[in-house]
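Trainee: Dumping the structure here so I can ask a few things about it.
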Amino acid sequence: MTNQTVRQQVSLSAWGWFATLGTCFALHPLISDARYLSLAALLLGVVVAVGAALRLTRSPRLLVIAAQLVVAVELVVIGFTDEIVPRPAAYEILVARFAGFVDHAQHYTAPMPRDADTTMAFAVIVLAVGLVIDAIGVTMRRVPVLGLLLLLIYMVPVAHLGGQVSVFSFLPGAVGFVFMLAADESERLTHWGRQAKSVSAAWQQGDSQVDDSELLRSRMRIGFGAVAIAAVLPLLLPSIDPRIFFDGGAGARSDDGDGPLRVDDPTLDMRRNLDRQSDDVLMRVSGSGEPAYFRLAALDEFTGDVWEVGERDDETALTTDLRLPLPVGGSSLSVDRVQYQIELTDDLDTTWLPTVYAARQIEIDTEWLVDPLNLDVRADSGDDLDGATYTLLASIPTPTLSELREADAIPEDLEPFLELPGGMPDIIGETALRAVEGERTPIDQALALQSWFRNGDYDYSLEQIDDDRNRTGLEAVEAFLQERVGYCEQYASAMALMARQLGIPSRVAVGFLRPELVEDGVWEYRGHDMHAWPELFFEGAGWIRFEPTPQEVSREAPVYRDSEPTTGGPTSAPTESEQPTSDPTLDPSDGASAADGSEGGGGGVARAALLVVGGLSLLALVSSTPRLLRAAKTRRRWQRARQPQQLAEAAWADLRDHVVDLRVGWDDGATPRHAGRSLREQLRTGATPDVVAALNHLVLAVERSRYARSVNDDRDLRASVERVRAALAIRRTAGQQRLATWLPASLWHPAPADQRSRRRTAVPQRDSVLTLGGG
Numbered sequence: 001m002t003n004q005t006v007r008q009q010v011s012l013s014a015w016g017w018f019a020t021l022g023t024c025f026a027l028h029p030l031i032s033d034a035r036y037l038s039l040a041a042l043l044l045g046v047v048v049a050v051g052a053a054l055r056l057t058r059s060p061r062l063l064v065i066a067a068q069l070v071v072a073v074e075l076v077v078i079g080f081t082d083e084i085v086p087r088p089a090a091y092e093i094l095v096a097r098f099a100g101f102v103d104h105a106q107h108y109t110a111p112m113p114r115d116a117d118t119t120m121a122f123a124v125i126v127l128a129v130g131l132v133i134d135a136i137g138v139t140m141r142r143v144p145v146l147g148l149l150l151l152l153i154y155m156v157p158v159a160h161l162g163g164q165v166s167v168f169s170f171l172p173g174a175v176g177f178v179f180m181l182a183a184d185e186s187e188r189l190t191h192w193g194r195q196a197k198s199v200s201a202a203w204q205q206g207d208s209q210v211d212d213s214e215l216l217r218s219r220m221r222i223g224f225g226a227v228a229i230a231a232v233l234p235l236l237l238p239s240i241d242p243r244i245f246f247d248g249g250a251g252a253r254s255d256d257g258d259g260p261l262r263v264d265d266p267t268l269d270m271r272r273n274l275d276r277q278s279d280d281v282l283m284r285v286s287g288s289g290e291p292a293y294f295r296l297a298a299l300d301e302f303t304g305d306v307w308e309v310g311e312r313d314d315e316t317a318l319t320t321d322l323r324l325p326l327p328v329g330g331s332s333l334s335v336d337r338v339q340y341q342i343e344l345t346d347d348l349d350t351t352w353l354p355t356v357y358a359a360r361q362i363e364i365d366t367e368w369l370v371d372p373l374n375l376d377v378r379a380d381s382g383d384d385l386d387g388a389t390y391t392l393l394a395s396i397p398t399p400t401l402s403e404l405r406e407a408d409a410i411p412e413d414l415e416p417f418l419e420l421p422g423g424m425p426d427i428i429g430e431t432a433l434r435a436v437e438g439e440r441t442p443i444d445q446a447l448a449l450q451s452w453f454r455n456g457d458y459d460y461s462l463e464q465i466d467d468d469r470n471r472t473g474l475e476a477v478e479a480f481l482q483e484r485v486g487y488c489e490q491y492a493s494a495m496a497l498m499a500r501q502l503g504i505p506s507r508v509a510v511g512f513l514r515p516e517l518v519e520d521g522v523w524e525y526r527g528h529d530m531h532a533w534p535e536l537f538f539e540g541a542g543w544i545r546f547e548p549t550p551q552e553v554s555r556e557a558p559v560y561r562d563s564e565p566t567t568g569g570p571t572s573a574p575t576e577s578e579q580p581t582s583d584p585t586l587d588p589s590d591g592a593s594a595a596d597g598s599e600g601g602g603g604g605v606a607r608a609a610l611l612v613v614g615g616l617s618l619l620a621l622v623s624s625t626p627r628l629l630r631a632a633k634t635r636r637r638w639q640r641a642r643q644p645q646q647l648a649e650a651a652w653a654d655l656r657d658h659v660v661d662l663r664v665g666w667d668d669g670a671t672p673r674h675a676g677r678s679l680r681e682q683l684r685t686g687a688t689p690d691v692v693a694a695l696n697h698l699v700l701a702v703e704r705s706r707y708a709r710s711v712n713d714d715r716d717l718r719a720s721v722e723r724v725r726a727a728l729a730i731r732r733t734a735g736q737q738r739l740a741t742w743l744p745a746s747l748w749h750p751a752p753a754d755q756r757s758r759r760r761t762a763v764p765q766r767d768s769v770l771t772l773g774g775g
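This is the structure:
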């Protein structure tokens with residue numbers, strides 16, 4: 001085994017290792033802990049080294065793959081369990097840790113917070129991908145097949161994050177794949193025979209070493225050219241948002257607060273968005289006085305870990321082009337009607353439409369889905385609508401305390417809002433009973449719970465977010481009630497759970513708290529205004545909000561006195577800064593004209609479609625690059641051939657490239673006549689006389705161009721090349737023909753230096769010129 005063989009085998013294995021890590025680097029927007037990649041690099045490096053060593057000893061392929069699999073399993077057991085050998089106990093630990101990862105992934109949106117089980121799972125996934133790539137690409141020598149696998153891995157974060165993944169996340173994997181292809185072709189083609197830069201060098205060069213310097217240079221040109229096209233083309237496509245290239249691709253605000261605030265899944269894990277507050281303006285509101293609480297979604301299910309959006313049935317959902325019904329249970333009491341014009345800025349990417357409860361009519365260019373029970377509004381297509389404008393007509397419940405005390409029994413369809421998970425800490429129920437001691441009616445108990453948090457020596461702090469990353473939802477609530485320090489999520493979650501324990505239907509709302517007046521009648525909500533609060537149900541009034549979060553970071557808490565409340569929610573007492581927000585003369589049906597000329601959000605669907613088209617165009621261009629380069633090379637060669645000698649050399653070089661593309665053996669050190677005999681052997685079965693004549697034509701032409709004193713002008717050489725090429729191609733499989741077209745090997749295996757400078761000598765008289773004509 002030569003040193004060159006060892007070098008080529010190691011090179012191919014190393015590029016496979018790099019392609020795996022480069023492609024899986026694109027997964028980093030899904031997880032906050034980047035250590036998964038370094039762990040996987042170490043484990044995969046050992047496995048790849050084992051495979052390379054076995055391949056160098058010419059071990060059977062199945063043995064190589066089996067050995068790598070055994071080593072990989074052993075490394076995972078040693079690295080991520082307390083065991084040393086793969087015993088049943090080790091598998092139980094791994095299964096439990098993967099279950100922890102699945103649970104973590106279901107409860108947190110990307111990027112998932114740091115978690116040991118999640119980091120382990122990502123590392124093992126990358127290791128498994130690397131095993132497949134090494135087995136298919138290096139052991140089985142089917143590198144082109146890997147392109148689809150690598151693209152599939154890259155599409156995981158793209159699909160999960162709505163396409164907002166940095167294009168530069170694509171480049172490491174693309175570089176690895178392109179150079180893995182080049183290494184594979186280099187190793188394969190240099191075994192066909194000696195390569196020489198001149199005729200004399202062909203006789204002086206030893207058999208043990210093949211010169212692949214030209215391959216290396218060609219490989220570098222084509223590899224970097226393809227990657228450069230892949231990187232630059234998206235910049236030329238106007239359908240792609242420039243933030244895809246510069247916001248880090250996570251689909252959410254970066255750790256330093258730059259980039260748009262992402263609200264795809266308002267599941268309460270609100271920790272991510274609370275921890276990344278900023279002063280960026282997210283929405284502007286004008287209309288019926290000072291707006292109050294704008295909510296994104298109602299979180300109606302508590303899993304034991306988080307509050308999350310329950311099932312939303314598309315079949316029963318209403319669309320925003322219809323008049324919406326009165327809220328469930330809220331038809332008998334008075335309401336205030338309000339109308340707002342809302343503009344979402346580019347800094348808020350959301351698939352949930354901010355609304356005031358309870359929306360009655362929404363005028364927006366695109367179609368949104370409204371859940372009839374929760375009255376939250378989500379995008380029909382799942383696209384975000386940053387920059388959308390719309391008009392909102394809403395009826396805000398204004399019940400009095402007396403009316404709420406007379407509320408009827410809870411409807412059966414609201415019983416899911418009383419469900420609690422198993423294993424509830426005792427402190428939740430005990431605190432609830434202490435807080436409502438002496439209160440008889442549900443509304444009085446709800447107000448007592450609210451007062452308990454606002455007046456019960458509780459403090460507000462976002463520092464608890466870091467402390468709660470490794471706690472479940474119940475653990476976080478338990479710690480909050482014990483330490484009496486938390487943030488809005490914990491206040492809202494604790495009160496909602498305590499209300500359910502007392503038999504009051506509850507849910508948690510996520511949205512925006514208080515705006516800032518920036519000009520006459522225009523209010524702005526910023527990133528730091530994100531908030532969570534509980535909503536409790538009372539028959540006759542429907543869902544009404546409460547505010548347990550301390551007053552220094554929230555508005556006045558509603559107490560629902562028997563006095564006339566103000567819009568934006570009843571408050572304990574009017575303040576000087578509050579303005580009347582109701583308009584008794586406003587009828588929701590009269591507000592349609594308010595949306596005239598508003599800028600719709602229809603660009604979301606169109607942008608997604610254009611993004612898909614742009615991505616497919618990029619893929620098509622990258623995959624077509626070798627074919628285009630090959631065609632350009634051929635065209636340039638024939639254009640430069642003007643003299644008879646040049647035409648003959650161009651024809652011979654073109655024939656040689658076609659042979660190499662079809663993966664038929666070609667020895668660049670052989671004479672034209674010897675090369676012709678080899679091709680004649682390839683064409684022996686079923687070769688027609690015209691094909692044999694065309695091959696003779698080419699051999700004689702190139703011999704005369706190199707050795708004869710004069711050469712006749714021959715314009716039929718190109719037709720002869722095409723005739724021989726077609727005869728060779730028809731003997732190859734359809735897959736080999738496609739490979740020759742789309743991945744021409746002659747680009748990686750260029751012809752030796754210019755043959756035309758060779759010294760001409762007389763044709764040997766002892767050889768018959770027409771040696772190829774016989775059978």
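Note that the UniProt record's numbering numbers the sequence shown so that position 30 is 30, with each residue one more than the last. Ideal Cβ positions, reconstructed from N, Cα and C, are used throughout, including at glycine. Just so you know, these numbers come straight off a predicted model, no measurement behind them.
1. Report the residue from L148, G511 and P327 whose alpha carbon sits nearest the alpha carbon of W352.
2. If you drop the 5 nearest sequence neighbours on each side, which residues of the same chain put their C-beta closer than 6 Å to that of G287?
3. Can you name the start and end residues of the beta strand (DSSP E) that L348 belongs to?
4. Please determine, among M112, F537, L433 and I93, the residue with the shortest C-alpha to C-alpha distance to S32.
5. Helix, strand or coil for M498, going by three-state DSSP, please let me know.
6. Compare the beta carbon distance of P644 and V711 with 8 Å and say whether it is the shorter of the two.
7. Is G542 buried or exposed, if buried means 16 or more other CB atoms sit within 10 Å of its CB?
8. Just how far apart, CA to CA, sit I84 and A72?
9. Less than 6 Å between C-beta atoms, sequence neighbours within five positions excluded: which residues of the same chain meet that for R58?
10. Do L21 and A41 come within 8 Å of each other at the CB atom, strictly closer than that value?
11. Excluding the five sequence neighbours on either side, which residues of its own chain have a C-beta within less than 7 Å of the C-beta of A136, listed in chain order?
12. Hey, quick one: how far does the alpha helix (DSSP H) through W652 stretch, first residue to last?
13. Using beta-carbon positions only, say whether A740 and L618 come within less than 8 Å of one another.
14. Whole-angstrom Cβ separation of R484 and D457, contact assumed at under 8 Å?
15. Taking the beta carbon of I396 as the centre, do at least 16 other beta carbons fall within 10 Å, making it buried, or is it exposed?
16. Our contact map puts P291 next to P515 with C-beta atoms below 8 Å; I'd like the distance itself, whole angstroms only.
17. Between Y525 and F294, is the Cβ-Cβ spacing less than 8 Å?
18. Where do the ends of the alpha helix (DSSP H) carrying S705 lie?
19. Enumerate in chain order the residues of its own chain whose CB-to-CB distance from L647 is below 6 Å, with the five nearest sequence positions on each side excluded.
20. Would you give the residue range spanned by the beta strand (DSSP E) that residue 843 belongs to?
21. Is A298 helix, strand or coil when you go by DSSP?
22. DSSP three-state call for residue 778: helix, strand or coil?
23. Give the DSSP-derived three-state secondary structure of G100 in the structure shown.
24. Give me whichever residues DSSP pairs with I78 in a beta bridge.
25. If the criterion is Cβ atoms closer than 8 Å, does the pair W666 and V659 meet it?
26. Go ahead and label Q209 buried or exposed: buried means 16 or more other beta carbons lie within 10 angstroms of its beta carbon, across all protein chains shown.
27. I need the DSSP call for G22, collapsed to helix, strand or coil.
28. Is DSSP giving I136 helix, strand or coil here?
29. Return the first residue and the last residue of the alpha helix (DSSP H) that D426 is part of.
30. Alpha carbon to alpha carbon, what distance is there between L56 and L474?
31. So what does DSSP say about F546, is it helix, strand or coil?
32. From the DSSP output, in three-state form, read off Y491 for me.
33. Does the distance from the C-beta atom of P550 to that of Y460 stay below 8 Å?
34. Would a C-beta distance cut-off of 8 Å place E552 and I544 closer than the cut-off?
35. Output the boundary residues of the alpha helix (DSSP H) element that contains L404.
36. Of all the options P88, D82, F170 and V46, which has the alpha carbon lying nearest to the alpha carbon of P29?
Mentor: Per the coordinate set shown:
1. G511
2. Excluding residues within five positions, the ones whose Cβ falls inside 6 Å are Q339, Y340 and Q341.
3. L348 to T350
4. M112
5. helix
6. yes
7. buried
8. 13 Å
9. none
10. Cβ atoms of A41 and L21: closer than 8 Å.
11. The residue asked about is misnamed: residue 136 is Ile in this sequence, not Ala. Closer than 7 Å at Cβ, skipping near neighbours: R142, V145 and L146.
12. P644 to D661
13. No. Outside cutoff.
14. 6 Å
15. buried
16. 6 Å
17. In this structure, F294 lies closer than 8 Å to Y525 by Cβ.
18. P689 to Y707
19. Apart from the 5 residues on each side of it in sequence, L647 sits with its Cβ closer than 6 Å to the Cβ of A641 and L717 in its chain, given in chain order.
20. No answer is possible for residue 843: the residues shown for the chain start at 1 and end at 775.
21. strand
22. Nothing about residue 778 can be read from this structure; the chain reaches only from 1 to 775.
23. helix
24. BP columns for I78 are empty, so no partner.
25. In this structure, W666 lies near V659, with their beta-carbon atoms less than 8 Å apart.
26. In this prediction, Q209 scores a pLDDT of 47, lower than 50, which makes its location untrustworthy; no coordinate-derived value is stated.
27. helix
28. helix
29. D426 to A435
30. 56 Å
31. coil
32. helix
33. yes
34. no
35. L401 to R405
36. F170
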